[in-house]
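In what follows, a structure is listed as structure tokens, so that the remarks can point back to it.
There are 2 protein chains.
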Amino acid sequence: MRARSFFLSTLKEAPADADVVSQQYMIRAGMIKKLAAGVYTYMPMGLRTIRKIEAIIREEMNAAGAVELLMPIVQPAELWQESGRWEKYGAELLRIKDRHDRDFVIQPTSEEVITDIARQEIKSWRQLPVNFYHIQTKFRDERRPRFGVMRGREFTMKDAYSFDRDEEGASKSYDAMYAAYQKIFTRLGLMFRAVRADTGAIGGSRSHEFQVIANAGEDVIAYAPESDYAANIELAEAFSVLEGRQAPAETMEKRATPGKEKCEAVAEYLGLDLLKSVKSVVLAADRVNEKGEPMPAKIVLVLLRADHELNEVKAGHLPELKEGFRFATDDEIMQAFGSKPGYLGPVGVKEDVAVYADRTVADMSDFCCGANEEGFHYTGVNFGRDLPEPAVADLRNVVEGDRSPDGCGTLKLQRGIEVGHVFFLGTRYSEALGATYLDENGKPQILQMGCYGIGVTRLAGAAIEQSHDEKGIIWPDSIAPFEAVICPMNYAKSEDVRKAADELYEELKAKGVDVILDDRDMRPGVMFADWELIGVPHRIVIGDRGLKNGEVEYAARGNLAEKIMVKTAEAADFVAGRIRK
Amino acid sequence: MRARSFFLSTLKEAPADADVVSQQYMIRAGMIKKLAAGVYTYMPMGLRTIRKIEAIIREEMNAAGAVELLMPIVQPAELWQESGRWEKYGAELLRIKDRHDRDFVIQPTSEEVITDIARQEIKSWRQLPVNFYHIQTKFRDERRPRFGVMRGREFTMKDAYSFDRDEEGASKSYDAMYAAYQKIFTRLGLMFRAVRADTGAIGGSRSHEFQVIANAGEDVIAYAPESDYAANIELAEAFSVLEGRQAPAETMEKRATPGKEKCEAVAEYLGLDLLKSVKSVVLAADRVNEKGEPMPAKIVLVLLRADHELNEVKAGHLPELKEGFRFATDDEIMQAFGSKPGYLGPVGVKEDVAVYADRTVADMSDFCCGANEEGFHYTGVNFGRDLPEPAVADLRNVVEGDRSPDGCGTLKLQRGIEVGHVFFLGTRYSEALGATYLDENGKPQILQMGCYGIGVTRLAGAAIEQSHDEKGIIWPDSIAPFEAVICPMNYAKSEDVRKAADELYEELKAKGVDVILDDRDMRPGVMFADWELIGVPHRIVIGDRGLKNGEVEYAARGNLAEKIMVKTAEAADFVAGRIRK
């Protein structure tokens, strides 16, 4: 490609609403252009990267035996009603009406449609296993779209759906996709981790996320440097940090703590160790009676050590909360505890409040907590003596230094961007939609499903978050919009330079290098700044001075300081040899 | 590809609502699957064809210097309001609201978005010309989706938009796209015609449709076998079929024609030549007064010779009708003519009715027409004597035998399916959205635009309409889901057959042939029927009998009767040589 036949458009500054580096650089490099909140045009430069990502995914999906099809973007509501997601999905599901006032959705995923296809197409065990995928536009009507292509509303996703005879087969399909994903993200040139993830409301037993490691990531990954353990912090099991509970040594006392609502303030005021304080978090699960009328919410008191954080996913597994929950309102708290927040605790709570202690709290003794009376806390509190033994559960986020759930050393934390997800679905959709096959005995059996997603457009953003510097993007070779750029100095006026640049351009093309020749004849500083921003990984500068010595200058985008002079005749081989295929 | 690793699904019968051959065969061959009215899943077999069509289009668009990008499917209403199409587009434009109650559309085309991009990105004449295209999902909420993928609601279109400094430049861009389209449809292996087309409400001066010739086409093409003239019948100019007007020879008489409302019935009843009868068609254009309140519609009487058909596009060019029109209601007709339909005519009509005679009618004398009184017609009517000379316009469809507008012989008609359209837009959108560039003198100038569409998914249907037989589809090599199929007889049990089939499969793959090996081990009749239905153009049958002579059997889908025995060792070369690349 020659730059003048392409469409280059760079900006010196990113718009003020670009909130992460990848978004800023993609806009500045002319890769994306915002059309509406969370809706972007992929400009020619950006589309090249997206197509390369898609091609790698497609090759590895095909190699893993998956079969590509293309399901529609606009899907009829009936299927979503059958699966129950029409009601459950919430406002992110964009619901639309056609001219005949019939309900449709713009697909956020395609479980319903593929299961509908399966129930019509899959008749016999002989057709199994089968794994369908498509690479298609999705829409999720995020309340607050942000981070550019990483949390947009319209985006491209590869979603695959496997159908198997039984859990054993589904497990093999899952493993095949897990292996394919490892290959895909490796080929994309990314540092990533496959981490265990929560299976959420869908149920099912296995789920892994593929996380691209990046400081800007929204997810936190807990991993054990001494083993291959890695899990989303949502899932990572947290043990008690104490070695069993000490016997009570203090008596329970009620202490005035006027205006001290935070554990830290209370501990400081009373001169206590913060690690002896228990934090009370009040959650509420809305309920209806048999007639479907709203009832007062079920109130759940969760106890955490003051320095620990509530893990909402884990809380969602508590029996009282598994249908969904929220934080209790001040009114509900006053009603249930007789006190405003800031002074709450487990001592003497009403019977209809469920109390759960995190594992660490269950091992605490002589602790401090609110007295359920404004301006007062208790100290020297002990389970079994001052209040009943609590129900115990894992309710907190792990922290660095926690022991690894697999027994190998301790955990570390890092941030990641979820770019892929493999998920054992079981019969969640096949049962709802009645998708069965006939087994060898002619008996109908429910299909076992798995689903496997990759955020295609998000990957472009994640790659940039992982790899950039103050000048711009540093693309991995495999997904750079161009693998190499030729920057000729004085292209219009120097015949030598033009000839050398044109020749090298043709040679590189002949070697299969995806090269762009910058024939715009701009000042070197402007030209270099453009390509450093765009992040093309291999750059060849051709100037009269070098040509006098029969040389051109090579630099890798990841190491611009190291400029290598290469014989002109060997330049094409040199560059081609540097590109990681 | 091996059939067992792919997903084959054929049906013996098409669903009852499949109304054209292409739809029936695509469903039966497992290429598409209906999800909702006009919304289809492209099954693995169908997607292969779509991808091949896309690849050919992409290559030729790139070769013609167009630059690919990807504009969003969901587009904000504001841009459509700016262009005026939010109001004008009608119910086919699917309007949606997001969670914040903001208006969006699902794009039927992207003129607004690309013009918005151009007004931001194109600053200087140095950036021109530029031609952007994308291959993207579109949605048109057709009132009555039909003909499978040919008039669906969700479909894939390639749409390109050129930007130029002036009309001369735009004309060059137009010509480049016209030439690229010729290459594209030739490579797709289709019989097609580029025909002049109406420029419609958009205005502009040049427009060509690319029509795939097929009896099932919705469009009628008029062409001159003696020249390269070809036009959509909507546009093809019709001349008078008479050689000037004869002098009056009869007197005007009022004749009772009780219950005779059709020209044919009147002519038969009165014993007249039908070609002496004039048909009256009453059209109405709705109007509003200065306050925007509805006024009685403007009534237009169009006169056609009885055997001719009204051309609504041409009628739409009449000054009274150019803002849109409809057929008048019975009430409006009674009001304007004092008679019910069936007895209408131009004699003595009120002054506020505009009267237009088609060119042929203007040359008629002594003709018959309604008397504007139920049960009566006039005969022997003559313009200039019995009624004023009429305004004259070209208002009818051409018929076979009409003289060609380019003066070369006479016209023939054939049916076609519109699969592409090149259109000179001028400043329709650039002016509405204020898309300008700075010329050499630093003065802002309005961009000149062209738009160029190809119906990607429709092309699959059109190709089938053009090429099929009673057994199924006959694909052109370039867009067949597979170029060749190997049908081994007794694949599971005959080791010789399996070995020969596997070897030929590998050889063909090595030669770059897109081949599928049918390893399903089905009965020959079932296997052949499947591939004849699917329409793979080259078939190799391998059986023990032929192998004994060292031979396999080749047949082309287009000529199954001619079975050619080929030496096994030469089979790969033979098949590869038959494929039109």
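Protein chains in written order, with the working numbering: chain A, 749 to 1329; chain B, 749 to 1329.
Cβ atoms here follow ideal geometry from the backbone N, Cα and C, with glycine treated the same way.
(1) Is the separation between the beta-carbon of B/T1268 and that of B/L827 shorter than 9 Å?
(2) Can a CB atom of chain A be found closer than 9 Å to the CB of B/D1266?
(3) Give me the subset of the segment 873-896 of chain A whose CB atoms are less than 9 Å from a CB atom of chain B, sorted by chain position.
(4) So, at 8 Å on beta carbons, what are the nonlocal neighbours of B/A1248 in its own chain, with the 5 sequence-adjacent residues on each side left out?
(5) Spatial neighbours of A/Y1253 within its chain, please: C-beta separation below 7 Å, excluding the five flanking residues on both sides.
(6) Interface residues of chain A around B/A839 at Cβ under 7 Å?
(7) Quick one: using the 10 Å Cβ neighbour count with 16 as the cut-off for buried, is B/T885 buried or exposed?
(8) B/R1003 lies in the alpha helix (DSSP H); which residues open and close that run?
(9) Quick one: does B/R1326 have its CB under 9 Å from some CB of chain A?
(10) For a contact meaning CB atoms closer than 7 Å, what does B/K781 contact in chain A?
(11) Given that B/E869 touches chain A, what residues does it touch there, using C-beta distances under 7 Å?
(12) Grab the span of the alpha helix (DSSP H) containing A/V1109 for me, first residue to last.
(13) Taking only beta carbons into account, state which residues of the segment 801-832 of chain A come closer than 7 Å to chain B, listed in chain order.
(14) My guess is that A/R1206 and A/V1167 are in contact by the Cβ rule of under 8 Å, so how many angstroms apart are they, rounded?
(15) Mind checking who A/E1301 pairs with in its DSSP beta bridge?
(16) Consider the Cβ of A/E1188: report whether some Cβ of chain B lies at a distance smaller than 9 Å.
(17) Expressed to the nearest angstrom, what Euclidean distance is found between the alpha-carbon atoms of B/I780 and B/R993?
(18) B/V787 touches chain A at which residues, Cβ-Cβ below 7 Å?
(19) According to DSSP, is A/D1217 part of a helix, a strand, or is it coil?
(20) What residue ranges within the segment 952-1023 of chain A form continuous beta strand (DSSP E) runs of no fewer than 3 residues, ordered along the chain?
(21) Which residues does DSSP pair with B/L827 in a beta bridge?
(22) Report the residue from B/E1213, B/V787 and B/A1033 whose alpha carbon sits nearest the alpha carbon of B/M939.
(23) With a threshold of 6 Å on Cβ separation, who are the neighbours of A/I1312 within its own chain once the five nearest residues in sequence on each side are excluded?
(24) Give the single residue among B/D946, B/D1217 and B/G832 whose Cα lies nearest to the Cα of B/A739.
(25) A/L842 bridges to which residues according to DSSP?
(26) Tell me the residue span of the alpha helix (DSSP H) that contains B/G917.
(27) Could you check how far apart the C-beta atoms of B/E830 and B/A1232 are, in whole angstroms? I think they sit under 8 Å.
(28) To the nearest angstrom, how far is the alpha carbon of A/I690 from that of A/L990?
(29) For the beta strand (DSSP E) that contains B/L1335, what are its first and last residues?
(30) Using a beta-carbon distance below 9 Å, is A/I798 in contact with chain B?
(31) Since B/I844 meets chain A, which of its residues come closer than 9 Å, beta carbon to beta carbon?
(32) Counting only Cβ pairs nearer than 7 Å, list the residues of chain A close to B/L795.
(33) Only counting the same chain, and skipping five residues up and downstream in sequence, which positions put a Cβ closer than 6 Å to that of A/D1278?
(34) Ignore the nearest five residues each way along the sequence and tell me which others in B/N1238's own chain have a CB closer than 8 Å to its CB.
(35) Could you spell out the range, first to last residue, of the beta strand (DSSP E) harbouring B/K1046?
(36) I'd like the list of long-range same chain contacts for A/L808, defined as Cβ closer than 6 Å, with 5 residues on each side in sequence excluded.
According to the data block:
(1) Within the second sequence, the letter at position 520 stands for residue 1268 of chain B. Within the second sequence, the letter at position 79 stands for residue 827 of chain B. The sequence given here places Arg at residue 1268 of chain B; Thr does not occur at that position. Going by C-beta atoms, B/R1268 is not nearer than 9 Å to B/L827.
(2) As a first step, residue 1266 of chain B is located in the second sequence; it is residue number 518 there, counting from the start. By this cut-off, B/D1266 is not an interface position.
(3) Taking 9 Å as the Cβ-Cβ cut-off against chain B, the residues of the segment 873-896 of chain A that qualify are Q875, V878, F880, H882, Q884, T885, F887, D889, E890 and R891.
(4) Sequence index remark: in the second sequence, residue 1248 of chain B carries index 500 (1-based). Within the same chain, B/A1248 has close Cβ partners P1236, I1290, L1295, V1300 and T1316.
(5) Along the first sequence, one-based indexing puts residue 1253 of chain A at 505. Cβ neighbours of A/Y1253 within its own chain (closer than 7 Å, five residues either side excluded): I1234, V1263 and L1265.
(6) Translated into positions along the second sequence, residue 839 of chain B becomes position 91. In chain order: R847.
(7) For the purposes of this step, residue 885 of chain B is taken as residue 137 along the second sequence, with counting starting at 1. So B/T885 counts as buried.
(8) Within the second sequence, residue 1003 of chain B is the residue found at index 255, counting from 1. Run containing B/R1003: none in the alpha helix (DSSP H); it sits in the beta strand (DSSP E), E1001 to A1004.
(9) To locate residue 1326 of chain B, count along the second sequence from 1; it is residue 578. Chain A contact via Cβ: absent.
(10) Along the second sequence, one-based indexing puts residue 781 of chain B at 33. Within chain A, I865 have C-beta atoms less than 7 Å from the C-beta of B/K781, given in sequence order.
(11) By 1-based counting over the second sequence, the position of residue 869 of chain B is 121. Ordered by position in chain A, the residues that pass the 7 Å Cβ test against B/E869 are S757.
(12) The sequence position of residue 1109 of chain A within the first sequence is 361, counting from 1. Note, A/V1109: alpha helix (DSSP H), R1107 to A1110.
(13) Against chain B - using a Cβ distance shorter than 7 Å - the residues of the segment 801-832 of chain A are G813, V815, E816, L817, L818, M819, P820, I821, V822, Q823 and P824.
(14) Numbered from 1 along the first sequence, position 458 holds the residue referred to as residue 1206 of chain A. Numbered from 1 along the first sequence, position 419 holds the residue referred to as residue 1167 of chain A. Indeed, because the Cβ distance is near 6 Å, the residues count as touching under 8 Å.
(15) One-based indexing of the first sequence puts residue 1301 of chain A at position 553. Answer is A/V1289 and A/M1313, bridged to A/E1301.
(16) Looking up residue 1188 of chain A in the first sequence gives position 440. No, no contact with chain B.
(17) In the second sequence, counting from the first residue as 1, residue 780 of chain B sits at position 32. In the second sequence, counting from the first residue as 1, residue 993 of chain B sits at position 245. So the two alpha carbons sit approximately 57 Å from each other.
(18) As a working mapping, residue 787 of chain B is identified with position 39 in the second sequence. Going along chain A in sequence order, the residues near B/V787 (Cβ under 7 Å) are P820 and V822.
(19) Here residue 1217 of chain A refers to the residue found at position 469 of the first sequence. Strand.
(20) For the segment 952-1023 of chain A, whole beta strand (DSSP E) runs of length 3 or above, ordered along the chain, are 955-961, 967-971, 978-980 and 1001-1004.
(21) For the purposes of this step, residue 827 of chain B is taken as residue 79 along the second sequence, with counting starting at 1. Per DSSP, none; premise fails for B/L827.
(22) Residue numbering aside, residue 939 of chain B sits at position 191 when the second sequence is read from its first letter. Answer by Cα proximity: B/E1213.
(23) Along the first sequence, read from residue 1 onward, the residue named residue 1312 of chain A stands at position 564. Contacts found: Y1302.
(24) As shown, chain B starts at 749 and ends at 1329. That puts residue 739 of chain B outside it, with no answer to give.
(25) Mapped onto the first sequence, residue 842 of chain A falls at position 94. Looking at the DSSP output, A/L842 shares a beta bridge with A/I854.
(26) On the second sequence, position 169 is the one that residue 917 of chain B refers to. Note, B/G917: alpha helix (DSSP H), E915 to R935.
(27) For the purposes of this step, residue 830 of chain B is taken as residue 82 along the second sequence, with counting starting at 1. For the purposes of this step, residue 1232 of chain B is taken as residue 484 along the second sequence, with counting starting at 1. Incorrect: roughly 52 Å between the Cβ atoms, too far for contact.
(28) Residue numbering for chain A in the displayed model covers 749 to 1329; residue 690 of chain A lies beyond these limits and cannot be assessed.
(29) Chain B is shown only over 749 to 1329; residue 1335 of chain B falls outside these bounds and no answer can be derived.
(30) Mapped onto the first sequence, residue 798 of chain A falls at position 50. True, the Cβ-Cβ gap to chain B drops below 9 Å.
(31) Mapped onto the second sequence, residue 844 of chain B falls at position 96. Residues of chain A whose Cβ lies closer than 9 Å to the Cβ of B/I844 are, in chain order, L842, R843, I844, K845 and I854.
(32) Here the question's residue 795 of chain B lines up with position 47 in the second sequence. Those are E816, L817 and L818, listed as they occur along chain A.
(33) Residue numbering aside, residue 1278 of chain A sits at position 530 when the first sequence is read from its first letter. Leaving aside the five residues that flank A/D1278 on each side, the residues in its chain whose CB is nearer than 6 Å to its CB run, in chain order, T758.
(34) What you label residue 1238 of chain B is simply residue 490 of the second sequence in a count that begins at 1. Take B/N1238, set aside five residues on each side of it, and the residues of its chain with a beta-carbon closer than 8 Å to its own are V1245, D1269, G1291 and D1292, in chain order.
(35) By 1-based counting over the second sequence, the position of residue 1046 of chain B is 298. Start and end: P1042 to R1053.
(36) The sequence position of residue 808 of chain A within the first sequence is 60, counting from 1. The residue you asked about is not Leu; residue 808 of chain A is Glu in the sequence shown. Same-chain partners within the cutoff: A928, K931 and I932.
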